[in-house]
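Letter by letter, the sequence shown follows residues 35 to 536 in the working numbering. Glycine included, C-beta positions come from ideal geometry on N, C-alpha and C. None of the values given here were measured: they were computed from a predicted structure. Written out below as structure tokens is the structure these notes cover.
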Amino acid sequence: MNDLRTVLASMETPVRGKAPSADSNHVPVVDRLPKPRANRLRESSPQASSVPHSVRDEEPPEDRFHDPAFQRAFGDAKVLMARLAGVLGSRSLPLESDSTIRALRQRAGELANLQCPPNRAVGLVGDAGVRKSSLLNSLLDLRALARTSSSGTACTCVVTEYMYHESNGFTIQMHLFSEHELRVQFTEMVSACRHFHFYSSGMKDDERKHWEEKGNVARDTFRTMFPHEFETIKQLLVRPNLAESGIVEQLLDMAQKLGLEPSHHVRSLEACSAFLLRLTSGEPGQGPAIWPFIKKISVFFKSHILSKGLVLVDLSGLRDLNSARRNITERYLLKCNEIFVVCNIGRATTDAGVATVFELARQAKLGNIGITCTKSDDIGPEEAKKDLKGSKATEIQNSIDSIATVERELAEIQDELDDMGPDDDDSDDEDVRRSDLKLIDTLKLELKRCIVTERNMFVTRQLKNLYQERVPTGELQVFCASNVDHWDNRDAPHQKASRFSS
35 MNDLRTVLAS METPVRGKAP SADSNHVPVV DRLPKPRANR LRESSPQASS
85 VPHSVRDEEP PEDRFHDPAF QRAFGDAKVL MARLAGVLGS RSLPLESDST
135 IRALRQRAGE LANLQCPPNR AVGLVGDAGV RKSSLLNSLL DLRALARTSS
185 SGTACTCVVT EYMYHESNGF TIQMHLFSEH ELRVQFTEMV SACRHFHFYS
235 SGMKDDERKH WEEKGNVARD TFRTMFPHEF ETIKQLLVRP NLAESGIVEQ
285 LLDMAQKLGL EPSHHVRSLE ACSAFLLRLT SGEPGQGPAI WPFIKKISVF
335 FKSHILSKGL VLVDLSGLRD LNSARRNITE RYLLKCNEIF VVCNIGRATT
385 DAGVATVFEL ARQAKLGNIG ITCTKSDDIG PEEAKKDLKG SKATEIQNSI
435 DSIATVEREL AEIQDELDDM GPDDDDSDDE DVRRSDLKLI DTLKLELKRC
485 IVTERNMFVT RQLKNLYQER VPTGELQVFC ASNVDHWDNR DAPHQKASRF
535 SS
């Protein structure tokens with residue numbers, strides 16, 4: 035998680051840092067059997083630091099733009115361009131409107147005044163159930179800001195930008211659809227409902243399925259937008275003698291009566307999360323849903339990762355049946371400085387959502403695209419043995435055996451301690467018990483890091499084989515992250531938390 039966060043944090047500049055290699059943090063399992071009990075008596079180690087891990091202490095990756103030598107050269111180049119513009123603007127040279135000298139002078143002046151953009155937008159796009167919102171919460175270091183779901187249903191109904199401001203509260207700005215934009219959407223949805231209702235009997239199976247899906251999405255959207263008027267809307271949709279334009283005008287009248295406020299300010303994370311849930315909830319409730327009326331949400335708050343101009347953008351998948359939402363996502367992706375497709379690591383190579391985004395990138399000639407795999411912790415030793423095979427499978431089995439050996443010894447020691455009387459000296463056995471517990475913890479961590487790292491590397495290689503040729507730079511960035519490990523160790527002492535940072 036830290037690798038991805040630090041790379042994102044460095045994106046406030048036009049020059050991008052080099053991504054860590056897939057195997058840069060590989061830690062092999064140590065095939066370690068326990069020492070004889072006598073050799074482990076009263077074993078001690080320096081006490082781990084109790085200072086908790088802090089996101090502010092994370093160092094950004096090496097970046098040429100921040101290198102002092104590059105900065106000096108950059109400054110010198112701007113000074114040189116300013117001097118060149120002055121020389122080219124002298125009276126001794128021709129400055130006709132169509133002259134080469136004039137064009138060069140203008141270009142030199144532009145380079146002399148070149149400023150880095152204040153913001154860089156990084157879009158996270160993915161289908162429902164890939165834990166994209168959980169990933170955003172981890173990157174922002176706020177446990178429950180973006181809405182999450184464990185049911186596999188979509189949480190992102192609206193494009194949501196996360197941006198920095200200095201104050202301690204949260205400001206939420208809603209960018210609402212204009213009347214014209216709503217008219218276009220309503221016209222399409224009304225047409226879909228009526229087309230299926232009146233003409234489905236004469237359609238072929240594939241055509242009928244297509245229009246049935248579009249009609250169902252339209253009706254569901256009307257139900258969420260106008261729950262109290264939905265029965266009336268259903269009757270309007272099936273009246274053959276009523277013009278579609280008349281239905282659309284009635285829907286616009288209903289929308290205008292809602293009177294949505296475009297800006298809202300709250301003081302606490304909990305209040306912000308609750309308000310965003312209200313705005314973006316696609317689930318049926320007592321009142322009208324707000325998300326169908328919103329084109330984009332901008333959330334402003336103080337966050338370390340956003341403090342240098344990074345803007346994180348939560349985008350829905352490109353396979354959304356709601357064409358208006360899908361079109362908004364497509365247009366926003368074209369404006370992003372960087373795009374990361376988010377997917378479940380267990381299905382990364384077969385995820386149709388990933389392929390869809392790369393196809394859009396190919397058509398739009400986008401080269402700023404990478405992949406982030408979630409749930410990297412979701413693999414067990416037995417599953418890893420089947421997937422990896424060979425020497426790595428043997429290494430994993432050796433580690434499993436080592437853990438089992440120490441656990442058996444621990445059980446024997448506990449039996450001895452239970453059998454001791456009040457006058458017996460149990461200090462040696464207690465020391466060994468503590469040593470065994472520590473050793474088991476170390477072995478389990480090494481085993482987990484091995485199987486997670488090996489699976490990460492395996493999936494990374496597969497993804498690069500599939501998609502690297504589609505990236506103009508020839509270098510596809512792939513990150514693997516675990517939100518579970520991140521939050522389980524977020525507040526642990528730095529020495530312990532750092533074991534999970536790669």
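Here Asp-161 is buried. Its C-beta has 16 or more other C-beta atoms within 10 Å. In the three-state reduction of the DSSP assignment, Val-251 falls in the helix class, which pools H, G and I. Inter-segment contact for the stretch 465-481 and the stretch 499-506 is absent: fewer than three beta-carbon pairs are separated by less than 8 Å.
Beta-bridge partners of Thr-194 (DSSP): Ile-331 and Asp-348. In the displayed model, Arg-154 falls within a strand according to three-state DSSP. Proximity to Ile-267 across Val-300, Cys-227 and Arg-242 peaks at Cys-227, based on C-alpha coordinates. Pairing Gln-502 with Lys-423, the inter-Cα distance amounts to about 26 Å. Here Phe-513 is bridged, per DSSP, to Thr-406. Distance check between Arg-483 and each of Leu-444, Asp-411, Ala-427 and Gln-496 places Asp-411 closest, using alpha-carbon atoms only. Listed in chain order, the alpha helix (DSSP H) elements of length 4 or more contained wholly in the stretch 233-311 are 239-259, 264-271 and 278-290. Annotation: the continuous alpha helix (DSSP H) that includes Leu-173 extends over 166-174.
If you draw a 10 Å sphere on the C-beta of His-520, you find 16 or more other C-beta atoms in it, and that means buried.
For Thr-205, the enclosing beta strand (DSSP E) begins and ends at 204-210. The Cβ atoms of Ile-331 and Val-192 sit closer than 9 Å to each other.
By the Cβ-count criterion, Asn-275 is exposed, with fewer than 16 other Cβ atoms from all chains shown falling within 10 Å of its own Cβ. Under the three-state reduction of DSSP, Val-85 is assigned to coil, being neither helix nor strand. Judged by their CB atoms, Ile-324 and Met-208 are nearer to each other than the 9 Å cut-off. By alpha-carbon distance to Ser-225, the top candidate from Pro-102, Thr-205 and Leu-271 is Leu-271.
Asn-202 and Thr-221 have their alpha carbons spaced roughly 42 Å apart. By the neighbour-count definition (other C-beta atoms within 10 Å, threshold 16), Leu-340 is a buried residue.
By the CB criterion at 9 Å, His-338 and Thr-205 fall outside the cutoff.
Here Leu-310 is not near Thr-182, since their CB atoms are 9 Å or more apart. With a contact defined as Cβ atoms closer than 8 Å, Leu-286 and Leu-210 miss out at about 13 Å. For Val-376, the beta-bridge partners assigned by DSSP are Thr-406. Between the alpha carbons of Lys-472 and Val-440 lies a gap of roughly 10 Å. Note on geometry: alpha-carbon atoms of Ala-358 and Val-113 lie some 48 Å from one another. By the CB criterion at 9 Å, Phe-334 and His-199 fall inside the cutoff.
In this structure, Gly-120 keeps its C-beta atom at 9 Å or more from the C-beta atom of Leu-367. Between the alpha carbons of Trp-245 and Ser-234 lies a gap of roughly 8 Å. The DSSP-derived three-state label of Pro-506 is coil. In this structure, the straight-line span from the alpha carbon of Asp-254 to that of Lys-166 is close to 24 Å. For Cys-377, the closest C-alpha among the options Ala-305, Thr-406, Gln-448 and Leu-352 is that of Thr-406. Taken atom to atom, the span from the alpha-carbon of Ala-526 to that of Arg-139 is near 58 Å. Counting only runs of 4 or more residues that sit fully inside the stretch 389-450, the alpha helix (DSSP H) segments are 415-422, in chain order.
Ala-137 has its alpha-carbon roughly 19 Å from the corresponding atom of Ala-111. Counted as a single uninterrupted DSSP element, the alpha helix (DSSP H) harbouring Lys-369 occupies residues 357-369.
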